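Chemist: Under numbering that gives the first Met the number 0, think of the first position of the sequence shown as 0, with each following residue one higher.
Glycine is no exception: its CB is placed at the ideal position from the N, C-alpha and C atoms.
The model shown is predicted, which means the values in this text are computed figures rather than measured ones.
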Amino acid sequence: MIKETYDVVVVGAGPAGSVTARTASENGLDVLLIERNAEIGVPVKCAEGVSREIERYVEIDPRWICTKVKGISTYGPDGTAVTLSVEGADVAGYVLERRLFDKYLAQQAARAGAEVRVKTQAYGLVQEDSTVKGVYVRTPDDELRIRADVVVGADGVESRVGRWAGIDTRLPLSDVCTCAEFLMSDVDVDEHYLETFFGREIAPKGYLWIFPKGKRCANVGLGIGGDVSGEGHRARDYLRSFVNQRFPNGKVLAEIYGVVPLSGPLYETVANGLVLVGDAARHVQPITGGGILQAVQGGKIAGEVVAKAVKEQNVTKKRLREYEKRWKREFGRVLEVGLKAKNIVLNLNEQELTKFFQPLGGEIKLKEYSERAFLKTLIMKNPRILVSLVKTMF
Ligand SMILES: Cc1cc2nc3c(=O)[nH]c(=O)nc-3n(C[C@H](O)[C@H](O)[C@H](O)COP(=O)(O)OP(=O)(O)OC[C@H]3O[C@@H](n4cnc5c(N)ncnc54)[C@H](O)[C@@H]3O)c2cc1C
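1. Spatial neighbours of K366 within its chain, please: C-beta separation below 8 angstroms, excluding the five flanking residues on both sides.
2. For I291, is the beta carbon positioned less than 6 angstroms from some heavy atom of ligand 1?
3. Within 10 Å of its beta-carbon, does P61 have 16 or more other beta-carbons around it, so buried, or fewer, so exposed?
4. For K375, I'd like the list of residues in its chain whose CB is within less than 8 angstroms of its CB, leaving aside the five on either flank, ordered along the chain.
5. Use the C-beta contact count for L172: other C-beta atoms within 10 angstroms, 16 or more gives buried, fewer gives exposed.
6. What does a CB cutoff of less than 7 angstroms around K299 pick up in its chain, not counting 5 residues either side in sequence?
7. What did DSSP end up calling L261 once you bin it into helix, strand or coil?
8. In whole angstroms, what separates the C-alpha of P247 from that of R169?
9. Between which two residues does the alpha helix (DSSP H) containing N243 stretch?
10. Out of V242, Y206 and D148, state which residue places its alpha-carbon closest to the alpha-carbon of D187.
11. Helix, strand or coil for A15? Go by DSSP, reduced to three states.
12. Say the cut is 6 angstroms; is the CB of C178 nearer than that to a heavy atom of ligand 1?
13. Please confirm whether Y192 and S50 have their CB atoms less than 7 angstroms apart.
14. Measuring straight from C-alpha to C-alpha, what distance separates H282 and I291?
15. Please classify R110 as buried or exposed, where buried requires at least 16 neighbouring CB atoms within 10 angstroms.
16. What number of angstroms, rounded off, separates the C-alpha of N36 from the C-alpha of G16?
17. Tell me the DSSP bridge mates of P211?
18. If we count the other Cβ atoms within 10 Å of its Cβ and call it buried at 16 or more, is Y266 buried or exposed?
19. What separation, rounded to the nearest whole angstrom, lies between the Cα atoms of L252 and K317?
20. Measure the alpha-carbon distance for V26 versus E114 and round it to whole angstroms.
21. If you follow the alpha helix (DSSP H) that D101 is in, where does it begin and where does it stop?
22. Looking at V336: is its Cβ nearer than 7 angstroms to the Cβ of A301?
23. So for A88, helix, strand or coil by DSSP?
24. Would you call S129 buried or exposed, if buried means 16 or more other Cβ atoms sit within 10 Å of its Cβ?
25. So the candidates are R245, K214 and D174; which of them puts its Cα closest to the Cα of D189?
26. Quick one: Cα of V151 to Cα of A20, how far?
27. Is G112 close to ligand 1? I mean its beta-carbon at under 6 angstroms from any heavy atom of the ligand.
28. Drop a sphere of 10 angstroms on the beta-carbon of Y74, count the other beta-carbons inside from all chains shown, and report buried for 16 or more, exposed for fewer.
29. So what's I378 in DSSP terms, helix, strand or just coil?
30. Taking 6 angstroms as the cut-off, is the CB of I33 close to at least one heavy atom of ligand 1?
31. Would you kindly check if the distance between the Cβ of L28 and the Cβ of V397 is under 7 angstroms?
32. Of all the alpha helix (DSSP H) runs that stay within the bounds of the segment 284-359, which reach a length of 4 or more residues?
33. Just tell me which of L352, A340, N313 and Y322 has its CA closest to the CA of N147.
34. At what residues does the beta strand (DSSP E) containing R137 begin and finish?
35. So does K102 have its beta carbon nearer than 6 angstroms to some heavy atom of ligand 1?
36. Given a cut-off of 7 angstroms on the beta-carbon distance, is the pair L124 and W163 in contact?
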């Protein structure tokens with residue numbers, strides 16, 4: 000039985016929601032974690048690539064590691080290749096099994112004491128005196144009003160929780176990437192490297208990825224700018240065309256469609272009695288579209304701050320701003336620089352994009368594989384982007 004009252008209700012059991020629920024539970028709160036789908040981690044809407052930085056936040060379990068990768072090879076429109084790996088390290092990152100990874104994180108939340116419910120969808124917020132006081136949920140049997148000191152919106156890119164609380168979560172088409180991905184078998188891919196391809200012909204205002212998932216198997220997908228998608232030239236059309244050419248004998252085991260927010264973080268991620276985490280807060284790296292790492296980082300911070308605020312019986316927006324301060328300190332700068340770099344790179348025409356890649360061509364060994372190190376290299380190797388960044392900053 001779901002109770003009538005909790006300290007915290009977390010809406011959405013993706014990585015952001017589960018890590019928030021776990022952390023808040025470990026800090027002594029009574030937590031309910033709800034997921035609208037029947038199975039946590041399904042359907043997978045992800046290429047499942049993540050850098051080794053994840054190890055700082057989640058203990059690696061071989062059950063949800065599909066592939067260990069040495070680095071990433073990126074190709075410009077004219078085929079110029081740049082291969083990034085880490086000095087003296089065999090592993091730079093992982094391709095996960097999100098079906099298992101997401102379940103593992105939810106299990107950890109449950110082990111820490113959180114109540115976890117699937118097939119339970121939030122459809123509104125209980126609000127009194129401009130403060131969130133709980134959530135309305137629909138289960139297969141019932142409609143319930145659940146009171147909570149804090150509601151956490153971890154409801155992904157389609158987030159509605161923030162909007163219900165009056166936060167502007169709108170995303171113009173130019174700020175999203177629409178994606179199509181096939182899980183493919185019988186494909187010849189480099190098992191040890193992620194691959195990405197840039198070019199207007201391949202993926203306008205986006206890129207294509209091949210992320211290996213074991214022997215002759217891979218996530219092959221691409222994202223294109225939401226504002227350049229249209230009848231006959233949608234993400235799926237570009238992907239079909241690439242796959243027909245590159246993997247004519249490949250078999251498609253699953254088709255996946257999704258959207259990635261590339262807007263940079265929301266201006267406001269807290270309200271009275273409310274916190275937004277993960278994709279719901281637009282905590283996605285705009286230059287890569289990666290959001291797993293920030294979902295986990297932000298979830299941990301949110302869980303800690305919410306626990307303190309509830310214990311102090313002060314869940315005002317002002318008190319919860321500690322969450323904003325801390326995520327900005329931890330990964331705000333990286334997202335900010337990534338947004339500026341994205342705005343430059345995605346607006347280059349084919350010729351400019353080719354010129355952008357040329358100075359990068361060859362092998363680059365990073366000191367560590369982190370988003371910070373990647374962006375630093377991108378900028379330092381390319382005076383053009385450096386100049387543009389300096390111009391946008393001053
Ligand atoms: C095609 C594609 C490829 C990607 N590839 C990568 C990649 O390789 N690496 C990477 O780092 N990132 C990648 N991302 C981004 C990554 O998937 C997200 O950033 C990450 O999943 C964010 O986690 P989250 O917990 O915030 O949201 P999600 O994982 O989206 O979880 C949100 C959950 O909330 C649930 N929910 C929504 N509304 C409600 C409601 N009203 N009530 C209850 N539950 C609700 C949803 O069902 C969902 O389970 C990709 C995204 C896409 C679309």
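Modeler: From the atom records:
1. V85, E86 and A372
2. yes
3. exposed
4. none
5. exposed
6. V18, T22 and Y56
7. coil
8. 39 angstroms
9. A234 to R245
10. V242
11. helix
12. yes
13. no
14. 9 angstroms
15. exposed
16. 14 angstroms
17. A217
18. exposed
19. 48 angstroms
20. The amino acid at residue 26 is misidentified as Val; the sequence shows Asn. If I take the Cα positions, the gap works out to 15 angstroms.
21. R97 to R110
22. no
23. coil
24. exposed
25. K214
26. 9 angstroms
27. no
28. buried
29. helix
30. yes
31. With the chain covering 0 to 393 only, the question about residue 397 has no answer from this structure.
32. 291-310, 316-326, 332-344 and 349-356
33. The question names Asn, but residue 147 is Ala in the sequence shown. The option with the nearest alpha carbon to A147 is N313.
34. T130 to R137
35. no
36. yes
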